[in-house]
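In what follows, a single structure is set out as structure tokens and then discussed.
Numbering (the numbering used here), first residue to last: 2 to 221.
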């Protein structure tokens with residue numbers, strides 16, 4: 002599992018992932034190319050420690066961010082970051098199991114075709130395939146036509162994993178859980194997305210051999 006360091010374990014529930022500190026600015030810079038709608042709604046799936054949403058949200062004051070997580074300790078960490086953030090556009094983190102039907106998420110409060118954006122960072126490679134299916138099914142249900150889903154992490158491309166460090170990372174993940182591992186953009190993710198009316202719009206190479214993929218829900 003990805004390691005984290007607790008900041009003042011006796012006083013706070015905040016987690017701090019060193020990798021999140023390194024990648025939050027490149028992710029933000031890329032999102033700035035796409036997030037431009039006023040009064041928009043963004044649902045973050047698997048918000049982790051909360052470092053990303055706390056860093057990103059203040060740069061988009063007209064967007065309401067809803068962070069979510071499956072693990073209780075992560076929810077507590079996210080809310081600790083939110084409580085310290087000067088930004089007022091981050092809602093309290095909620096529990097969400099991406100494997101469940103999207104119409105049940107957040108107690109059934111997410112309406113169909115209601116979201117402008119969805120964001121998912123570092124889930125696809127370190128979870129079972131059912132989570133990836135749930136993510137794209139959720140995007141198909143919840144995003145408005147033309148809405149964007151952003152996914153970030155390491156990926157395979159046309160059957161190849163590069164560089165060697167990602168090959169080793171993939172092997173390590175699969176040794177921990179055979180259902181984990183780097184997913185192939187064109188062989189696995191694109192076919193899944195296309196079946197659900199979602200198309201790969203762009204992808205960006207980011208530092209540390211990661212990519213940010215931009216998916217768009219088809220317009221009606």
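Every residue, glycine too, gets a C-beta built ideally from N, C-alpha and C.
In this structure, residue 113 keeps its C-beta atom at 8 Å or more from the C-beta atom of residue 84. With fewer than three CB-CB distances shorter than 8 Å, the stretch 119-136 does not count as touching the stretch 88-95. DSSP places residue 191 in the uninterrupted alpha helix (DSSP H) bounded by 191-196.
The secondary-structure analysis by DSSP pairs residue 177 with nothing; it has no beta-bridge partner. Taking 8 Å as the cut-off, the beta carbon of residue 183 is found closer than this to the beta carbon of residue 171. The Cβ neighbour count for residue 70, taken over all protein chains shown within 10 Å, is at least 16; the residue is labelled buried. Across the structure, residue 115 and residue 61 are spaced so that their CA atoms are roughly 18 Å apart. Only residues of its own chain outside the window of five on either side were considered, and among them 158 and 159 have a CB closer than 8 Å to the CB of residue 187, listed in chain order. The beta carbon of residue 110 is closer than 6 Å to none in its chain, skipping five residues each way along the sequence. Taken atom to atom, the span from the alpha-carbon of residue 218 to that of residue 155 is near 22 Å. Proximity to residue 125 across 87, 63 and 47 peaks at 47, based on C-alpha coordinates. Collapsing the DSSP output to three states places residue 49 in coil. Judged by beta-carbon spacing, residue 50 lies within the 8 Å limit of residue 21, meaning their Cβ atoms are closer than that value. Collapsing the DSSP output to three states places residue 127 in a helix. Comparing alpha carbon positions, the residue from 77, 140, 34 and 175 closest to residue 102 is 140. Distance check between residue 202 and each of 26, 151 and 80 places 151 closest, using alpha-carbon atoms only.
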